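In this note's numbering, the protein residues as written are 29 to 370.
Below, the structure is given as C-alpha cells:
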C-alpha cells in the first residue's frame, strides 16, 4: 500500500495543485493439483501515483508444462537474449508496461533444440510529457514472434528469431516493424561470452533499416570479477520499438543526488563501453568500480570521435557534436563494529 497527500509544483511555474495518491496491489498465485499455475494481480489505485485509476483485476496469466511443451496464456512478460528485440516487462514505479495479452509456447524438440513463439496484442500507453501523471498517447500493437534455440558443448548456445510488429495509432502513421535477432553465448573455462545482433526494418524499406549490437565478456582473475560490455545501436528512423528494452551499458545509481543527473540514452543512435570490477574481500566487505562512456555516431562532415577523446573529455577536442557521456563510479560497502554499522 502507498498513500500520500500534499501539493505539487507545476513545471516552469510556482503554482501548486493538490497531489494525493492511494495505491494498493495484491498478487495472488496458486498451483492446482493438475499442475496448472495461475497468477493474478489485483489493484485498487484511486488515484494512482502515475497512471489512471484502476479498480479490480489488472494482470493475469495461466501456464502449464506438458513433458516437452510449455504453454502460457494471458498477459505475457518475456525476455529474449538481452532484450534488443524482445523484453516485455512491467515497472510500477514509472507506470511502464509493454506486455502483450496473448499466448506464449515453447517446445523442446530435443534436449538441446527448442522452438518458441509469442502471439499477442496490446494498447501501449505513454506520455507526451513525462511530468504528467496520466498517459495521453497510445499505440495499438500486434505482435508475432518466433524463434529457435540450439545448444552444443562445442559451439555454445545459439538463438535465431524473427519479430513482426504492426503498429497503428490516431497520432502517427501506421508502420510495420520486422526484426531479425541472432545471439550466441559460450563459456570457455572462466570466461563467459555473449553477443546479440539485430537487423531492424520498417515497412520493408531499406532506407529505414538499422542495426543493434550488444557484446559482453566476463572473467574472474584472482577473485576480481571483471565485466566488459559494448553497445552499438543505430536505427535510421524514429519509430517507437515498444517490445525492446536493450542493455543501457552504464551504471544506474541508487543515490538520489547522483541519479538526478542520469544519462539520457538515445536508443536509436548510441555507441557505448563499460568496464566493471567487483571484489569481495570477505563476507562483510565489497568494492565495486565502474567506468562507462557513450556517444552518438558521426554524421555529415564532422570529425569522428574516438574512445580516448571521450575518456579525456578535456574540453579542447571537437567532440560535442556526438553528445559524449562519461561516468566513473567507485563504491566500498560492508558491515563493521560487529555487524552493527553498515
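All C-beta atoms, glycine included, are put in the ideal place defined by N, C-alpha and C. All figures in this text were calculated on a predicted structure; none of them were measured in a lab.
Sub-8 Å separation of residue i and residue j beta-carbons
i           : j           : result
residue 98  : residue 134 : yes
residue 104 : residue 148 : yes
residue 293 : residue 260 : no
residue 217 : residue 192 : no
residue 183 : residue 208 : no
residue 273 : residue 238 : no
residue 277 : residue 257 : yes
residue 358 : residue 322 : no
residue 346 : residue 331 : yes
residue 213 : residue 221 : yes
residue 353 : residue 291 : yes
residue 245 : residue 219 : yes
Range of the contiguous alpha helix (DSSP H) that encloses residue i
i           : result
residue 340 : 335-340
Extent of the continuous beta strand (DSSP E) to which residue i belongs
i           : result
residue 277 : Note, residue 277: premise wrong, no beta strand (DSSP E); not H, not E.
residue 138 : 128-138
residue 190 : 184-196
residue 319 : 313-323
residue 141 : 141-154
residue 157 : No beta strand (DSSP E) holds residue 157; DSSP gives it neither H nor E.
residue 211 : 203-216
residue 108 : Per DSSP, residue 108 belongs to no beta strand (DSSP E) and is neither H nor E.
residue 167 : 165-180
Neighbour-count burial assignment, residue i, 16 or more Cβ in a 10 Å radius
i           : result
residue 336 : exposed
residue 187 : buried
residue 35  : exposed
residue 169 : buried
residue 80  : exposed
residue 30  : exposed
residue 144 : buried
residue 297 : buried
residue 201 : exposed
residue 42  : exposed
residue 180 : exposed
residue 61  : exposed
residue 269 : buried
Nearest to residue i (by Cα), restricted to the options the options
i           : options               : result
residue 367 : 152, 244 and 311      : 311
residue 71  : 55, 296 and 357       : 55
residue 363 : 347, 315 and 291      : 315
residue 348 : 370, 207, 171 and 325 : 325
residue 204 : 143, 162, 254 and 271 : 271
residue 356 : 50, 182, 319 and 191  : 319
residue 154 : 82, 352, 165 and 46   : 165
residue 142 : 317, 227, 43 and 185  : 185
residue 109 : 242, 333, 150 and 47  : 242
residue 85  : 61, 112, 57 and 95    : 57
residue 195 : 313, 152 and 91       : 152
Under the three-state DSSP convention, the category residue i falls into
i           : result
residue 372 : Coverage of the chain is limited to positions 29 through 370, which leaves residue 372 absent and any answer about it impossible.
residue 121 : helix
residue 348 : helix
residue 58  : strand
residue 254 : strand
residue 77  : coil
residue 327 : coil
residue 301 : strand
residue 292 : coil
residue 363 : coil
residue 42  : coil
residue 48  : strand
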